[in-house]
Amino acid sequence: MTDLHHLGVADVAAALDAKTVSSVELTRHLLDRIAAHESLGAFLCTDADVALAQAAAADAWRAKGVTSTAGAGHTLLGVPIAHKDIFVTRDFPSTAGSKMLAGYRSPFDATVVSRLSASGAVTLGKLNCDEFAMGGSNENSAWFPARNPWDTSRITGGSSGGSAAAVAARLVPAATGTDTGGSVRQPAAFTGITGIKPTYGRCSRYGMIAFASSLDQAGPMARSALDCAHLLQAMSGFDPRDATSAEQAVPDFVAVTTARREGASAERPLQGLRIGLPREFFGEGVTADVLAATRAALAELEKLGATLVDVSLPRTELSIPVYYIIAPAEASSNLGRYDGVRYGHRAKDFKDLGEMYRRSRSEGFGPEVKRRIMIGTYVLSHGYYDAYYLQAQKLRRMIADDFQAAFAQCDLIAGPVAPTVARALGSQNDPVAEYLADIFTLPASLAGLPGISVPAGFGAGGLPVGLQLIGNYWQEGALLHAGHALQQATDWHLKAPALAG
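What follows is the structure in structure tokens.
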């Protein structure tokens with residue numbers, strides 16, 4: 001089969017069940033595609049020996065009639081995936097897209113990695129990302145930017161840009177990403193795939209290289225909502241090694257995604273669902289092409305039985321200054337450990353301990369990371385903590401309260417993921433202007449709410465547009481269900497860039 005790379009997660013599982021392809025055959029096919037599309041910059045490393053050994057083990061289990069090496073179901077057994085390079089892995093280098101961690105090998109796997117491996121998934125390699133997940137374009141990777149498969153002169157979005165590019169280019173059926181302020185949803189929107197950020201605490205952060213600890217959350221990226229449900233099922237669950245992990249029961253996401261809503265018909269599967277449209281998400285700043293695609297997707301949801309209601313998130317604009325105080329403050333603290341002593345890059349030439357610290361950090365960190373460390377250190381310093389950081393935390397609580405007021409009127413909230421389609425590589429030199437592009441993804445992150453990006457058509461230049469759906473706490477199933485219903489009625493998620501072949 002020459003079109004194996006067009007199979008999604010559920011399709012691969014069905015093919016493996018039917019024995020029309022083996023995991024080893026599929027893994028070889030995808031490794032060849034990765035090598036052929038190296039210029040895309042999606043992968044930072046692969047290891048054919050490791051991946052093929054895992055695939056052979058999966059085939060051996062299936063030959064014995066065993067469809068799961070763990071209790072999470074059989075779907076992922078033998079399915080190739082890849083991990084954002086923010087998750088530590090024993091079998092692959094873990095650099096967080098930074099020279100600070102060049103060549104680092106972790107002695108253990110991140111919980112998300114180990115849970116997916118326990119479910120039988122085959123790891124092809126590690127995926128490019130903005131350095132320490134700081135960025136919205138993947139241009140902050142210390143190695144090279146990931147390029148958008150729809151137009152290689154464009155950004156993929158970030159920080160999970162390598163994950164998005166790999167899935168969109170059909171180099172891998174699905175991948176892991178992380179979302180601090182939109183880093184799963186925004187690149188998913190820019191590349192025409194599906195990505196979900198779960199509720200904060202749903203997936204363990206153990207082994208995820210930290211950026212902003214109160215915001216970072218792992219999430220799957222795949223072709224469809226159903227494929228994301230399969231990965232999220234395996235990734236989720238309480239982890240006693242992570243103090244921020246929630247002791248929350250994990251529903252059967254796959255069953256919830258495909259279930260019929262009570263009182264709904266096959267033709268109107270979203271009957272009774274109220275979708276709130278915040279007026280702040282549809283005002284100035286959103287380009288006409290993105291707005292048109294978003295409205296078209298909302299019209300499809302109406303045809304499926306959903307009711308659209310007007311709501312307000314009045315502090316949406318404040319989410320940008322709040323996020324860019326809190327996140328850098330936490331980054332400043334988290335990245336203090338990279339001092340050239342315990343681990344990480346160490347400068348070769350220095351006269352004393354102080355110079356070693358300065359040189360090691362200056363050489364190891366890139367411009368964006370240095371910028372955020374400086375901002376974070378400033379807002380946490382004596383005399384500024386109360387004026388900036390404390391006030392930002394108070395506003396964060398108010399932003400969360402705004403969502404609860406909105407959810408009193410609706411079940412889900414919808415709007416654009418980003419104000420524009422993917423911009424050209426190298427076209428933005430103003431960091432503040434770049435931060436403004438996160439305006440629609442930051443509020444849910446600050447509130448710790450789940451959000452999903454699903455393909456919603458195309459805008460200027462034939463570039464993908466994403467529709468964002470935001471749910472209340474622990475309502476990932478409702479997001480996946482609505483996304484799946486939309487994808488059953490449309491074919492936007494089936495479109496692939498020309499280089500996918």
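Those letters in the sequence shown? Residues 1 to 501, per full-length UniProt numbering, in order.
The beta carbon of each residue, even a glycine, is placed where N, CA and C say it ideally should be.
Given that a residue counts as buried once 16 or more other Cβ atoms are within 10 Å of its Cβ, and exposed if not, what is residue i?
{"i": "Pro-367", "result": "exposed"}
{"i": "Gly-336", "result": "exposed"}
{"i": "Thr-20", "result": "exposed"}
{"i": "Phe-365", "result": "buried"}
{"i": "Glu-267", "result": "exposed"}
{"i": "Arg-241", "result": "exposed"}
{"i": "Ala-63", "result": "exposed"}
{"i": "Met-374", "result": "exposed"}
{"i": "Tyr-389", "result": "buried"}
{"i": "Arg-260", "result": "exposed"}
{"i": "Val-432", "result": "exposed"}
Here's a check: name, in chain order, each residue in its chain whose Cβ is nearer than 6 Å to the Cβ of residue i, leaving out the five neighbours to either side.
{"i": "Leu-232", "result": "Pro-220 and Phe-253"}
{"i": "Thr-377", "result": "Ser-332"}
Give me the Cα-Cα distance between residue i and residue j, rounded to the nearest whole angstrom.
{"i": "Thr-34", "j": "Leu-4", "result": "Inspection of the sequence shows that residue 34 is occupied by Ile rather than by Thr. Each residue's Cα considered, the two are about 13 Å apart."}
{"i": "Val-379", "j": "Ile-320", "result": "15 Å"}
{"i": "Gly-272", "j": "Gln-487", "result": "18 Å"}
{"i": "Ala-53", "j": "Ala-121", "result": "12 Å"}
{"i": "His-37", "j": "Met-398", "result": "46 Å"}
{"i": "residue 502", "j": "Arg-315", "result": "Outside the displayed range of the chain (1 to 501) lies residue 502, so it cannot be described from this structure."}
{"i": "Leu-463", "j": "Asp-386", "result": "43 Å"}
{"i": "Val-341", "j": "Met-100", "result": "12 Å"}
{"i": "Val-66", "j": "Ala-58", "result": "9 Å"}
{"i": "Ser-265", "j": "Leu-304", "result": "9 Å"}
{"i": "Phe-282", "j": "Ala-414", "result": "10 Å"}
{"i": "Gly-237", "j": "Asp-216", "result": "16 Å"}
{"i": "Asp-32", "j": "Ser-117", "result": "22 Å"}
{"i": "Ala-329", "j": "Val-369", "result": "12 Å"}
{"i": "Phe-87", "j": "Ser-94", "result": "7 Å"}
{"i": "Ala-299", "j": "Leu-226", "result": "21 Å"}
{"i": "Ile-470", "j": "Leu-412", "result": "6 Å"}
{"i": "Leu-127", "j": "Gly-207", "result": "16 Å"}
{"i": "Leu-44", "j": "Asp-85", "result": "8 Å"}
Can you tell me whether DSSP reads residue i as helix, strand or coil?
{"i": "Phe-132", "result": "helix"}
{"i": "residue 510", "result": "There is no way to answer for residue 510, as the model of the chain reaches only from 1 to 501."}
{"i": "Arg-358", "result": "helix"}
{"i": "Leu-335", "result": "helix"}
{"i": "Ile-155", "result": "strand"}
{"i": "Val-454", "result": "strand"}
{"i": "His-493", "result": "helix"}
{"i": "Pro-187", "result": "helix"}
{"i": "Thr-75", "result": "coil"}
{"i": "Asp-239", "result": "coil"}
{"i": "Arg-170", "result": "coil"}
{"i": "Gln-468", "result": "strand"}
{"i": "Arg-371", "result": "helix"}
{"i": "residue 502", "result": "A query on residue 502 cannot be resolved here, the shown segment of the chain reaching from 1 to 501 and no further."}
Please report whether the beta-carbon of residue i lies at a distance below 8 Å from any beta-carbon of chain B.
{"i": "Ala-422", "result": "The structure shown contains no chain B, having only a single protein chain."}
Whose C-beta lies closer than 8 Å to the C-beta of residue i among residues of the same chain, with five residues either side of it excluded?
{"i": "Thr-244", "result": "Tyr-200, Gly-201, Arg-205, Ser-213 and Ser-214"}
{"i": "Ile-326", "result": "Ala-212, Ser-214, Leu-215, Tyr-389, Ala-392, Gln-393, Arg-396 and Leu-446"}
{"i": "Gln-409", "result": "Arg-274, Gly-276, Val-309 and Val-311"}
Leaving aside the five residues before and after residue i along the sequence, list all residues of the same chain whose C-beta is less than 7 Å from its C-beta, in chain order.
{"i": "Phe-144", "result": "Gly-41"}
Item checked: Unbroken stretches of the alpha helix (DSSP H), 4 residues or longer, contained in the segment 276-312 -> 288-303
Notebook entry, point to check: Which whole runs of the beta strand (DSSP E) in the segment 21-86 are 3 residues long or more, in chain order?
Noted result: 43-46 and 80-84
Notebook entry, point to check: Can you give, in chain order, each stretch of the beta strand (DSSP E) that sits fully within the segment 365-445 and has at least 3 residues?
Noted result: 412-416
Next item on the list: Return the chain-ordered ranges of every alpha helix (DSSP H) run that is complete within the segment 86-143 and spans a minimum of 4 residues.
Entry: 111-118
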